[in-house]
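> Take the position in the sequence shown, starting the count at 1, then add 60; the result is the number in our numbering.
Before I ask anything, here is the structure I am working with.
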Amino acid sequence: MKKQIRDRLFYRHPAPAVDDFCPYLMERRGWERYSLPIGNGFLGATVFGRLETERIQVTENSMFNPYCFPKDKRVHMCAGGLNNLAEILIDVNHALATDYERSLELESGEARVVYRYEGVRYRRTAFLSYPDRVLVMRFEADAPGMITLTVHPEIPFVRDYNEAVGDGCGKTGEVTEQDDRTLLLRGVMEYFDIHYEAQLRAIPQGGSVFSSHGRLYVERADALTLIFAAGTNYRLAPSVFMEKDPKKKLAGFPDPHDTVTSQLNAACEKSYEELYRRHTEDFGALYHRVRLRLGGEADAAVPTDELLHRYQEGRESRYLEALLYQYGRYLLISSSRPGGLPANLQGIWNCYASAPWSSGYWHNVNIQMNYWPSCIAGLPELFLPYADYAKAYMPQAKAFGDAYVAKYNPQNLSAPGENGWTIGTGAWPYQISNTLNLSHSGPGTGAFTSLLFWDYYDYTRDEAFLRDFGYAALRDMSVFFSKALCEINGKFLIKDSASPEQRGPDGNHYHTTGCAFDQQMVYENYKRTLQAAEILGIEEPILDVIRSQIDRLDPVLIGDSGQVKEYREEHFYGEIGDPKHRHISHLVGLYPGTLISETTPEWMAAARVTLQGRGDKSTGWAAAHRLCLWTRAKCPERAMGMVRSMLKNNILENLWDTHPPFQIDGNFGYTAGVSEMLLQSQAGYLDPLAALPAEWSDGQVSGICARGGFCADLTWKSGRLTGMHIVSRAGGELRVRTDEPVQVRVNGKRRTGLWEDGFVSLQTAPGDTVDIKAKD
Ligand code: FUC
Numbered sequence: 061m062k063k064q065i066r067d068r069l070f071y072r073h074p075a076p077a078v079d080d081f082c083p084y085l086m087e088r089r090g091w092e093r094y095s096l097p098i099g100n101g102f103l104g105a106t107v108f109g110r111l112e113t114e115r116i117q118v119t120e121n122s123m124f125n126p127y128c129f130p131k132d133k134r135v136h137m138c139a140g141g142l143n144n145l146a147e148i149l150i151d152v153n154h155a156l157a158t159d160y161e162r163s164l165e166l167e168s169g170e171a172r173v174v175y176r177y178e179g180v181r182y183r184r185t186a187f188l189s190y191p192d193r194v195l196v197m198r199f200e201a202d203a204p205g206m207i208t209l210t211v212h213p214e215i216p217f218v219r220d221y222n223e224a225v226g227d228g229c230g231k232t233g234e235v236t237e238q239d240d241r242t243l244l245l246r247g248v249m250e251y252f253d254i255h256y257e258a259q260l261r262a263i264p265q266g267g268s269v270f271s272s273h274g275r276l277y278v279e280r281a282d283a284l285t286l287i288f289a290a291g292t293n294y295r296l297a298p299s300v301f302m303e304k305d306p307k308k309k310l311a312g313f314p315d316p317h318d319t320v321t322s323q324l325n326a327a328c329e330k331s332y333e334e335l336y337r338r339h340t341e342d343f344g345a346l347y348h349r350v351r352l353r354l355g356g357e358a359d360a361a362v363p364t365d366e367l368l369h370r371y372q373e374g375r376e377s378r379y380l381e382a383l384l385y386q387y388g389r390y391l392l393i394s395s396s397r398p399g400g401l402p403a404n405l406q407g408i409w410n411c412y413a414s415a416p417w418s419s420g421y422w423h424n425v426n427i428q429m430n431y432w433p434s435c436i437a438g439l440p441e442l443f444l445p446y447a448d449y450a451k452a453y454m455p456q457a458k459a460f461g462d463a464y465v466a467k468y469n470p471q472n473l474s475a476p477g478e479n480g481w482t483i484g485t486g487a488w489p490y491q492i493s494n495t496l497n498l499s500h501s502g503p504g505t506g507a508f509t510s511l512l513f514w515d516y517y518d519y520t521r522d523e524a525f526l527r528d529f530g531y532a533a534l535r536d537m538s539v540f541f542s543k544a545l546c547e548i549n550g551k552f553l554i555k556d557s558a559s560p561e562q563r564g565p566d567g568n569h570y571h572t573t574g575c576a577f578d579q580q581m582v583y584e585n586y587k588r589t590l591q592a593a594e595i596l597g598i599e600e601p602i603l604d605v606i607r608s609q610i611d612r613l614d615p616v617l618i619g620d621s622g623q624v625k626e627y628r629e630e631h632f633y634g635e636i637g638d639p640k641h642r643h644i645s646h647l648v649g650l651y652p653g654t655l656i657s658e659t660t661p662e663w664m665a666a667a668r669v670t671l672q673g674r675g676d677k678s679t680g681w682a683a684a685h686r687l688c689l690w691t692r693a694k695c696p697e698r699a700m701g702m703v704r705s706m707l708k709n710n711i712l713e714n715l716w717d718t719h720p721p722f723q724i725d726g727n728f729g730y731t732a733g734v735s736e737m738l739l740q741s742q743a744g745y746l747d748p749l750a751a752l753p754a755e756w757s758d759g760q761v762s763g764i765c766a767r768g769g770f771c772a773d774l775t776w777k778s779g780r781l782t783g784m785h786i787v788s789r790a791g792g793e794l795r796v797r798t799d800e801p802v803q804v805r806v807n808g809k810r811r812t813g814l815w816e817d818g819f820v821s822l823q824t825a826p827g828d829t830v831d832i833k834a835k836d
C-alpha cells in the first residue's frame, strides 16, 4: 500500500533569533516568519522550537488597547491594539543537539520538536486544546530522568512605553508562585480595565519540581507536562460596545481567576494521553472533512522552507500549493471557534504591544475574507464566532444607523432602533466604528458583512440561523439602505459614497455619489433579503420598498474601455484613482457577490477588463482577492497565475501570508479561491472544476461544499472530471454541470434520463447520495 502522507510543515532548524523582542519596529523576520502557530479559538500560541531556551508566545484576543495614531513616532503606524499575553521561556540547554526536526502537524493541530542530545532522543509536543481550553506542552526523552529544565514565563510590555506617552494604555503584570508547581501571571491592561490571569503548572513524571522567584525548576523527570490556562474578564456583550466609558465596558464581569483555576485543575486531573486524545479527536474531526491532492507528493519529504524557496526560484510544487490550501483551513480551526472571538487580522497570534493595524476586524475586505473559506472548505460552524460578535455589536450598529439617517436623510428618520444598522471599517472587541463621517470606504461595508450571514445560510441551509438572526440582519441592513439611498434622476444612489481607500487627484480619499462598491453591495443585500423573506414566508412593508428600488440601483455600469466602472462619472478605465489599487471593490458583485456571472455575459466580459486593468501584482490579501476574482471570472490560467504569484511573493517560511506585514486574510483568501477553482455553486448549480488550470490536470478533493447544503468528492484525470460523489444534506434540487453525458447513481442505484443539455438535474432528499461518473 502507498504510504499515506501527512499534511505537515517541518524544518531542520529552530526558528532563528532575529530581534524577537523589539516592540517598536514591526520586526518581520523572527516571529512572523519562523514561529509555528497553534490555537483553540480562545488562545493562540507560536512555538519556536529552540534548543537553548524554548520560546512559546501566547496571545489572548481580548487583551486590547484602543487603536490610535501615536504621538510616539518610533511606533510603526499605530499604537495600541492587541497586546501579547505571555512569553513562556523554557531553559533546556541542549544547544548542540543533532537530528533536529520541528514540525506543525496540521491534521492533529500540534507543534513538535524532536532531536538527539548526548545520545538521548528528546521530543516536545505543544497543542492548544479546544475541549479542555488549555495549552499543553509535553517534554519526553527515551531515557529515564533526562528532563531537567527551568520554566520562566514573562509578561511582556509591562511598564509599557505608552505610559510614557500618557495615553492611559499602561499594563501591569507580575509572575508569582501559587504553589510549589504552579505559577500565577496576573495583571491589568489599564485603558479598558482588562484583568487578565494565567496559571502555569508543571506535572513531572518522576523527578521533582519546585517554584521560586516566578520560575519552575524541574529536575531529572522521566517526562513532563506543562499546562497553561488563561483568560480575562472580557465578555462578548452589547453593553461592551454601547458603554462609552472605557473603564466601565467590562464593569460587573467576573475576574478570570475562578474560571482559569477550574480550567487548569480540570485539565490536570486528566492524563497527558487523555488530553492529547481529546484534542486530536476534536481537531482532526474538523480538519479531516476536506482532503486535497494535486500530485507532487514526493515533495512532502522536503522541509517546508526549502520547498518554498525552491518554488520561489521557479521549481513549482503541486504539493505545496495543496498544503497551503489546507493550511488556511488549519489556521481557521485554530483561530475561530464557537464561543470565542472571531479571527482578527492576524488570526489569534500577536507578539507585539502594538499589533499591525491593531489586529482589528477591518470591514472593508479583511474580516470578510477571513470567513470566505469557512463554508466551502467544510468548516461552517467556525463562522459562528463572527455571527456572535455581530449579535453583540448590533445595538451599537443600530444606534449608528439612527445617527446616520438623522444627519443625512432626516426626512426618512424613524424611531430609534428602527433605522437599520451600519458599520464602518474599523472594529475591535471593544468598539465598532460608524459610517457617519465618510473617510475611505462607503457604507457598503455593512452589506459586505451581511452577505456573510446569507452565505452561511446558503451553504448550510440552517433555517434556524436564518430565522433567529440572519434574516433580521439582512432586513435591517436593507432598512438602513432604504433610508440612506437618495433618489437622483430616477436612480437610488448612496451619497456620499466611496470605493474603499481610493484617492482622488488631490490626494484625499475620493468621495462621490453611487460608486460601484456601494451600489453593488446594496443590490446584493436587497436581493438576499427578498430571498430570505420568501424562504421564511415573511411579508412586510420593507420588502415592497426593496422591490421598488432594486432595479434602479445601477450596480454595474460599463465604461468606454469596456470596464466595470468604479465610479458613475468615470469614462475610461483608471480615470479616477489609482488604476493599480490593491482594493478592487467595484468587482464585489463578481466575488463574493453573485451579481456578475455567466448569466450576465456582458458584465462578465467587463469584469475581466477591469481585472486586467488592475493588474495581478499586489499585496497579500489583495493578491488573494484577485485569485478569487479570476476564478469566478472562469479564467483558470489567470487564477493559477495568482496561486503562483502568492507563493512567490506573499508567503513566509511558516506559510503565513504577508501584506507585508503578516495578515492572515491572505491565507484565508487563498483557501477560498482554490476551493472555487475546484467547485463553484453561485449560479444555482454545482460547477465542478470550474476554473481548473492545466497544471492541476490530475487530482482529487473530498468534502468540499456547495450552496444548497451539498458536499462533494471529485476526482479528475487529464483535466477531465472522472467521478463525483455528492451528499445532499438538506434535500432539494441538485443541478450539476457536466459538459459530457455521464452515468448517474442515486443512493447506489443506477438512474437514467437525468442528464440533459449539459446538466444532471434531480430532486434529492436529505441524506441522499449521488454518484456521477464519466462515460468511458
Ligand atoms: C485595509 C487595507 C490595508 C490593510 C488594512 C488592514 O484598510 O486597505 O491594505 O490591509 O486593511
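Glycine included, C-beta positions come from ideal geometry on N, C-alpha and C.
None of these values were measured; they are calculated from a predicted model.
Taking a contact to mean a Cβ-Cβ separation below 9 angstroms, would you say F508 touches Q428 in this structure?
What you label residue 508 is simply residue 448 of the sequence shown in a count that begins at 1. What you label residue 428 is simply residue 368 of the sequence shown in a count that begins at 1. Closer than 9 angstroms, so yes.
> Looking at the structure shown, is D151 part of a helix, part of a strand, or coil, going by DSSP?
Looking up residue 151 in the sequence shown gives position 91. Strand.
> If you run the structure through DSSP and keep just helix, strand and coil, what is C435?
Translated into positions along the sequence shown, residue 435 becomes position 375. Helix at C435.
> Quick one: what does DSSP say A592 is sitting in, helix, strand or coil?
Indexing the sequence shown from 1 puts residue 592 at position 532. Note: A592 maps to helix in three-state DSSP.
> Do T482 and Y464 have their CB atoms nearer than 9 angstroms?
In the sequence shown, residue 482 corresponds to position 422, counting from 1. In the sequence shown, residue 464 corresponds to position 404, counting from 1. Contact: yes.
> With DSSP as the reference, label Y182 as helix, strand or coil.
As a working mapping, residue 182 is identified with position 122 in the sequence shown. Y182 falls in the strand class under three-state DSSP.
> How many angstroms separate the CA atom of R183 from the CA atom of W417?
If you number the sequence shown from 1, residue 183 lands on position 123. If you number the sequence shown from 1, residue 417 lands on position 357. Those two C-alpha atoms are separated by around 37 angstroms.
> Since L712 and F722 are thought to touch, with beta carbons under 8 angstroms apart, how far apart are those beta carbons, to the nearest angstrom?
As a position in the sequence shown, residue 712 is number 652, starting the count at 1. As a position in the sequence shown, residue 722 is number 662, starting the count at 1. Contact flag correct, Cβ pair sits at about 7 angstroms.
> Counting pairs of beta carbons, one from the stretch 729-744 and one from the stretch 663-673, are three or more of them closer than 8 angstroms?
no
> Going straight from the alpha carbon of P445 to that of N404, what length do you get?
For the purposes of this step, residue 445 is taken as residue 385 along the sequence shown, with counting starting at 1. For the purposes of this step, residue 404 is taken as residue 344 along the sequence shown, with counting starting at 1. Between P445 and N404, the C-alpha separation is close to 11 angstroms.
> Taking 9 angstroms as the threshold (C-beta atoms), are V118 and I148 in contact?
As a working note, residue 148 is residue 88 in the sequence shown. As a working note, residue 118 is residue 58 in the sequence shown. Yes.
> For L647, is the classification buried or exposed, using 16 other Cβ atoms within 10 angstroms of its Cβ as the cut-off for buried?
To locate residue 647, count along the sequence shown from 1; it is residue 587. With at least 16 other beta carbons inside 10 angstroms of its own, L647 counts as buried.
> Expressed to the nearest angstrom, what Euclidean distance is found between the alpha-carbon atoms of V806 and V820?
Walking along the sequence shown from the start, residue 806 turns up at place 746. Walking along the sequence shown from the start, residue 820 turns up at place 760. Taking the straight line from one Cα to the other gives about 12 angstroms.
> What runs of the beta strand (DSSP E), each 3 residues or longer, lie entirely inside the stretch 281-350?
Counting whole runs of 3 or more residues, the stretch 281-350 contains the beta strand (DSSP E) stretches 283-292.
> Mind listing, in chain order, the continuous beta strand (DSSP E) runs of no fewer than 3 residues lying wholly within the stretch 502-589?
546-548, 551-553 and 555-557
> Can you list, in chain order, the stretches of the beta strand (DSSP E) that have 3 or more residues and sit fully within the stretch 185-254?
195-201, 207-211, 234-239 and 242-249
> For the ligand FUC, I want to know if Q723 counts as a neighbour, meaning its beta carbon is within less than 8 angstroms of at least one of the ligand's heavy atoms.
Here residue 723 refers to the residue found at position 663 of the sequence shown. Within the cutoff, so yes.
> Take every Cβ of the stretch 795-813, pair it with every Cβ of the stretch 741-750, and state whether three or more of those distances are shorter than 8 angstroms.
By the Cβ test, the stretch 795-813 is in contact with the stretch 741-750, since at least three Cβ pairs between them sit closer than 8 angstroms.
> Counting only the same chain and skipping the five closest in sequence on each side, list residues whose C-beta sits under 8 angstroms from that of E112.
Residue 112 sits at position 52 when you count from the first residue of the sequence shown. So the qualifying residues of the chain are D151, V152, N153, H154 and A155.
> Quick check: what's the CA-CA separation for K308 versus F252?
Residue numbering aside, residue 308 sits at position 248 when the sequence shown is read from its first letter. Residue numbering aside, residue 252 sits at position 192 when the sequence shown is read from its first letter. Near 7 angstroms, if we compare the C-alpha coordinates of F252 and K308.
> Y421: which of G619, Q406 and L655 sits nearest, CA to CA?
By one-based count along the sequence shown, residue 421 stands at place 361. Of the listed residues, the one whose Cα sits closest to Y421 is Q406.
> Report the residue from S493, Q609 and L498 whose alpha carbon sits nearest the alpha carbon of E547.
Stepping through the sequence shown from its first residue, residue 547 is reached at position 487. The residue among S493, Q609 and L498 with its C-alpha nearest the C-alpha of E547 is Q609.
> Which of the three DSSP states is assigned to G759 in this structure?
Position 699 of the sequence shown, counting from 1, holds the residue named residue 759. For G759, the secondary structure class from DSSP, reduced to helix, strand or coil, is strand.
> Roughly how far, in whole angstroms, is the beta-carbon of Y531 from the beta-carbon of A437, given that I think they are within contact range, below 8 angstroms?
In the sequence shown, the residue the question calls residue 531 occupies position 471. In the sequence shown, the residue the question calls residue 437 occupies position 377. So it is not a contact: roughly 25 angstroms between Cβ atoms.
> Select from Y371, K625 and G701 the residue whose C-alpha is nearest the C-alpha of A667.
Start at 1 with the first residue of the sequence shown, and residue 667 comes out as number 607. When only C-alpha atoms are compared, the closest one is K625.
> Let me make sure I understand the geometry here. Which of S499, A825 and W815 has the alpha-carbon closest to that of K837?
Here the chain covers residues 61 to 836 and nothing more, so residue 837 does not appear.
> In whole angstroms, give me the CA-to-CA distance for R261 and N125.
Numbered from its first residue, the sequence shown carries residue 261 at position 201. Numbered from its first residue, the sequence shown carries residue 125 at position 65. Approximately 28 angstroms between the Cα atoms of the pair.
> Is H569 near the ligand FUC, in the sense that its beta carbon is under 8 angstroms from a heavy atom of that ligand?
Reading the sequence shown from its first residue, position 509 is the one you call residue 569. Relative to the ligand FUC, even the nearest heavy atom lies 8 angstroms or more away from the CB of H569.
> Taking a contact to mean a Cβ-Cβ separation below 9 angstroms, would you say T285 touches Q259 in this structure?
Translated into the one-based positions of the sequence shown, residue 285 becomes position 225. Translated into the one-based positions of the sequence shown, residue 259 becomes position 199. It is not a contact, given that the beta carbons lie outside the stated cut-off.
> According to DSSP, is P601 helix, strand or coil?
The count along the sequence shown starts at 1 and reaches residue 601 at position 541. DSSP places P601 in helix when its eight states are reduced to three.
> Tell whether a beta-carbon distance below 9 angstroms holds between E237 and S268.
Residue 237 sits at position 177 when you count from the first residue of the sequence shown. Residue 268 sits at position 208 when you count from the first residue of the sequence shown. No.
> Counting only runs that start and end within the stretch 711-753, where is the alpha helix (DSSP H) found for 4 or more residues in a row?
List check, alpha helix (DSSP H) in window: 725-738.
> Could you please give me the residues that DSSP links to K809 through a beta bridge?
The residue labelled residue 809 in the question sits at position 749 within the sequence shown. Paired residues: V806.
> Give the secondary structure of L85 by DSSP, where H, G and I count as helix, E and B as strand, and everything else as coil.
Counting from 1 along the sequence shown, the entry for residue 85 is found at position 25. Any reading at L85 needs caution, since the residue's pLDDT is 46, under 50, leaving its predicted position unreliable; the model's value is listed next. Note: L85 maps to coil in three-state DSSP.
> Closest to V425 by CA distance: which of H785, C688, G759 and V703 is it?
The count along the sequence shown starts at 1 and reaches residue 425 at position 365. That would be C688, whose Cα lies nearest to the Cα of V425.
> Would you say E626 touches the ligand FUC, meaning its beta carbon is less than 8 angstroms from a heavy atom?
Locating residue 626 in the sequence shown gives position 566, where the first residue counts as 1. Result no, Cβ not under 8 angstroms from the ligand FUC.
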